[in-house]
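Visitor: If you read the sequence shown in our numbering, its first letter stands for residue 41, the second for the next number, and so on. Ideal placement from N, C-alpha and C gives every residue a C-beta, glycine not left out. Because the structure is a prediction, the values reported are computed rather than measured. Have a look at this one.
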Amino acid sequence: MNLLFIGIVALSLWLLYLQYKSNARKRSRLLTPVRPASILKINSYTSHGIMATVQFKDNSCPQLGERIQREGDLYKITGIIPETEPEADAGKVERVWACRLEKL
């Protein structure tokens, strides 16, 4: 009987430890910086996932793993397809990209 009790206590402590580690990872993932961008259009496909047209406020190229935000939802960039002709607005070139996103 004592061995069963010790085993249950050890198992519960191990599960508590795993839950703490998982929660700490989620918290640290949410604290990473979000890149300033505007999501112009979101399409959801069953075979490809979420495809979106994204316009970044800075002119640098997006990288895989970067995070962007739309209306309180966080998205992670998992794929990038550059548009062939970026649109010019008042002499300033804004880059528009087709990106595959994963909702966090």
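According to the neighbour-count rule (16 or more other Cβ atoms, all chains shown, within 10 Å of its Cβ), is LEU55 buried or exposed?
Guide: The residue labelled residue 55 in the question sits at position 15 within the sequence shown. The residue in question, LEU55, is exposed, as its Cβ has fewer than 16 Cβ neighbours within 10 Å.
Visitor: Just to confirm my understanding: we take ALA130, look at its own chain, exclude 5 residues before and 5 after, and list those with CB closer than 7 Å. What are they?
Guide: Numbered from its first residue, the sequence shown carries residue 130 at position 90. With a pLDDT of only 49 at ALA130, under the threshold of 50, the placement of this residue in the model should not be trusted, and no figure is reported.
Visitor: Under three-state DSSP, which class holds ALA130?
Guide: Here residue 130 is taken as the residue at index 90 of the sequence shown, counted from 1. Model confidence at ALA130 stands at a pLDDT of 49, short of 50, so the residue's coordinates are unreliable; what they give is reported in the following sentence. ALA130: coil per DSSP, three-state reduction.
Visitor: Can you list, in chain order, the residues of its chain whose CB lies under 8 Å from that of ILE90, leaving out five sequence neighbours each side?
Guide: Your numbering for residue 90 matches position 50 in the sequence shown. Hits under 8 Å: ILE82, ASN83, SER84, TYR115, ARG140, LEU141, GLU142 and LYS143.
Visitor: Just the Cα atoms here: how many angstroms apart are GLY112 and ARG75?
Guide: The count along the sequence shown starts at 1 and reaches residue 112 at position 72. The count along the sequence shown starts at 1 and reaches residue 75 at position 35. Using only the alpha carbons, I get a separation of about 14 Å.
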